[in-house]
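Notes follow the structure.
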Amino acid sequence: MSTAYNIAQVRSAFPLLRRTVHGKPLAYLDSAASAPMPTSVIEAMDRYAKHHHSNVHRGVHLLSQEATDAYEGARTIVRRFVNARSTREVIFTRGTTEAINLVAQSWARSSLSSGDEVLITHMEHHANIVPWQLACQATGARLVAAPLLPNGELDMERFRALISPRTRLIAVTQVSNALGTILPLSEIGLLAREHGIPWLVDGAQAIAHGIVDVQAIGCDFYAFSGHKLYGPTGIGVLIGREALLESMPPWQGGGDMIRSVRIEHSEWNELPWKFEAGTPPIAAAIGLGAAMEHVESLGREAIAAHEIALAQHAEKALLEIDGLRIIGTAAHKAPVISFTLDGVHPHDIGTVVDLEGVAIRTGHHCAMPVMEFYGLPATARASLACFSNEDDVQRLVAALRRVCEVFR
Ligand code: PMP
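Reminder that position 191 of the sequence shown reads as 191 in the working numbering, one-by-one numbering, no gaps.
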């Protein structure tokens, strides 16, 4: 583990970690669902609320200009953080779900027709399945899902074979939230380019782990949420290739997304505002910018190295528990560990470990096709973040031993 990475200092930035749960110190192992915010994020939003709150883009008064500068400043930080080509390609949304729905409503509905296909994988989050189902229902296109291998990797041979002249879009996750699998995006990107098919990446689980460079990935759309990256809820981003975004119709109408409105006809604003109808989540965007700066100050490579080493240690420690099975054993994994315990329902695991002060997630993780693939109703999932430490892992192991005492 990196010695330069001062875990005590990293933890001290997160006030949530200082609270107790059922009288015990909190061991927070649920950042894949939503990560806590550091003080710098909370303070950035607090400063905005106390000193600058106003609406953006509309007023000439000083506060409105300050709010606009802060909101557009956050967009500039996002551009840098993911290495987008320009801020015209950075669209603020409510989250990953809304970002994918934007593409499904705007691009897919205007581009798909009967007989076309959208290719996804069996390990997608519902947010990268249902919007395509809706678009397919509206256009007569078909949704095709590439299968998994038993270890939770994508079956690339089958994926390749499912690409056909009818494939109009490929939409894949970068990291599976239910299994931790990291998908081979370079290979998928090569296939997409070779066949001239636009492709979208769901980056919800990848954005907080290591460096995301959308130009290096080469995808046409990249979606993520602020709250998985130590930012607030209610903010996310769609990065889109400018030429594609230019060709797409707006998906929501209202203020800010227009240049001019007459009763008979309206003209659209330029990118990125064409896709940002109405007053945007200004405070949340500012919070996201602060979260990205916080992550940059810790060092994204340093965070990733810390998390990977701790996840390997955690998997080893968990496997010493009798009857514990890790679901998803891909060669390349993010720090997400899904598991089952023989003879114990995952919800019972979650309830007992909660009483020990350990927060993990149990359920289908909004990835029901993954559960179906493994023939499981649910799994328990521990996910690590920049502040996770060995104590968290020990607390989880001890809590699971307690589960075994209670239920076996
Ligand atoms: N995709 C993946 C892989 C996710 O893990 C999540 C969140 N669990 C989402 C999409 C949806 O993100 P949000 O709810 O923030 O829109």
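Quick reminder that beta carbons are idealized off the backbone N, C-alpha and C, glycines included.
Return yes when the C-beta of residue i is under 7 Å from any heavy atom of the ligand PMP, and no when it is not.
| i | result |
| --- | --- |
| T362 | no |
| N55 | no |
| G173 | The question names Gly, but residue 173 is Thr in the sequence shown. Correct: T173 has its Cβ closer than 7 Å to the ligand PMP. |
| A95 | It is Gly, not Ala, that sits at residue 95 in the sequence shown. Yes - the ligand PMP has a heavy atom lying nearer than 7 Å to the Cβ of G95. |
| Q205 | yes |
| A33 | yes |
| D202 | yes |
| C404 | no |
| K287 | Before going further, note that residue 287 is Gly rather than Lys in the sequence given. No, the ligand PMP has no heavy atom inside 7 Å of this Cβ. |
| T122 | The sequence as given places His at residue 122; Thr does not occur at that position. No - the ligand PMP has no heavy atom lying nearer than 7 Å to the Cβ of H122. |
| C366 | yes |
| S225 | yes |
| G236 | yes |
| H125 | yes |
| N128 | yes |
| N6 | no |
| N177 | yes |
Which whole-angstrom value is the C-beta distance of residue i and residue j, which I expect to be below 8 Å?
| i | j | result |
| --- | --- | --- |
| L26 | G357 | 6 Å |
| A291 | V41 | 5 Å |
| T329 | I349 | With a Cβ gap of about 19 Å, T329 and I349 do not count as contacting. |
| T96 | A223 | 5 Å |
| H125 | D202 | 7 Å |
| C386 | I303 | 4 Å |
| A74 | H52 | With a Cβ gap of about 12 Å, A74 and H52 do not count as contacting. |
| L112 | A135 | 6 Å |
| I207 | L229 | 5 Å |
| L29 | S383 | 6 Å |
| Q396 | T340 | The question names Gln, yet the displayed sequence has Leu at residue 396. Between T340 and L396 the Cβ distance is about 15 Å, and since that is not below 8 Å, they are no contact. |
| V352 | V406 | 6 Å |
| T121 | A145 | 6 Å |
Going by CA-CA distance only, name the one from the options that's closest to residue i.
| i | options | result |
| --- | --- | --- |
| A314 | H265, E390 and Q205 | E390 |
| A216 | S186, A208, L229 and G231 | S186 |
| R241 | L63, W107 and N101 | W107 |
| G163 | L119, G152 and H126 | Looking at the sequence shown, residue 163 is not Gly but Ile. With distances taken between Cα atoms, I163 lies closest to L119. |
| F373 | E276, A284, A277 and L148 | L148 |
| Q105 | G115, W132, R88 and T93 | W132 |
| W199 | F224, R168 and I211 | R168 |
| G218 | V336, P184 and R325 | P184 |
| E44 | I207, I282 and S260 | Reading the sequence as shown, one finds Ala at residue 44 and not Glu. The shortest C-alpha separation from A44 is found at I282. |
| M257 | I263, L271, I327 and V103 | L271 |
| V370 | E194, I235, L154 and P335 | L154 |
| P280 | A70, A331, R19 and G343 | A70 |
| R401 | F81, L319 and T379 | L319 |
| I326 | V56, L179, H365 and S113 | L179 |
| R381 | H345, F407, E405 and V406 | H345 |
| Q252 | A206, W268 and R262 | W268 |
| G287 | R11, E72, Q65 and A33 | E72 |
| E246 | I91, N6 and R19 | I91 |
| D116 | A141, G189 and V130 | A141 |
| M248 | H227, D220 and A367 | D220 |
| P36 | S388, C404 and A127 | S388 |
| V56 | A49, Q65 and Y48 | Q65 |
| A171 | I100, I239 and H209 | I100 |
| K337 | R94, T20, S54 and V175 | Reading the sequence as shown, one finds Ile at residue 337 and not Lys. For I337, the nearest C-alpha among the options comes from V175. |
Should residue i be labelled buried (16 or more other beta-carbon atoms within 10 Å of its own) or exposed?
| i | result |
| --- | --- |
| A13 | buried |
| M1 | The predicted position of M1 is uncertain, since its pLDDT is 45 and thus under 50; no value can be drawn from it. |
| N177 | buried |
| G409 | Because the chain spans 1 through 408 in this model, residue 409 falls outside it and cannot be assessed. |
| D213 | exposed |
| I182 | buried |
| P165 | exposed |
| V237 | buried |
| E296 | exposed |
| P232 | buried |
| A399 | buried |
| T173 | buried |
| E335 | The sequence shown places Pro at residue 335, rather than the Glu named in the question. So P335 counts as buried. |
| F275 | buried |
| E89 | buried |
| L63 | exposed |
| H195 | exposed |
| I235 | buried |
| D342 | exposed |
| K316 | exposed |
| G152 | buried |
| I263 | exposed |
Of all Cβ atoms in chain B, is any one closer than 8 Å to the Cβ of residue i?
| i | result |
| --- | --- |
| R142 | Judged by its chain identifiers, the structure shown contains no chain B, having just a single protein chain. |
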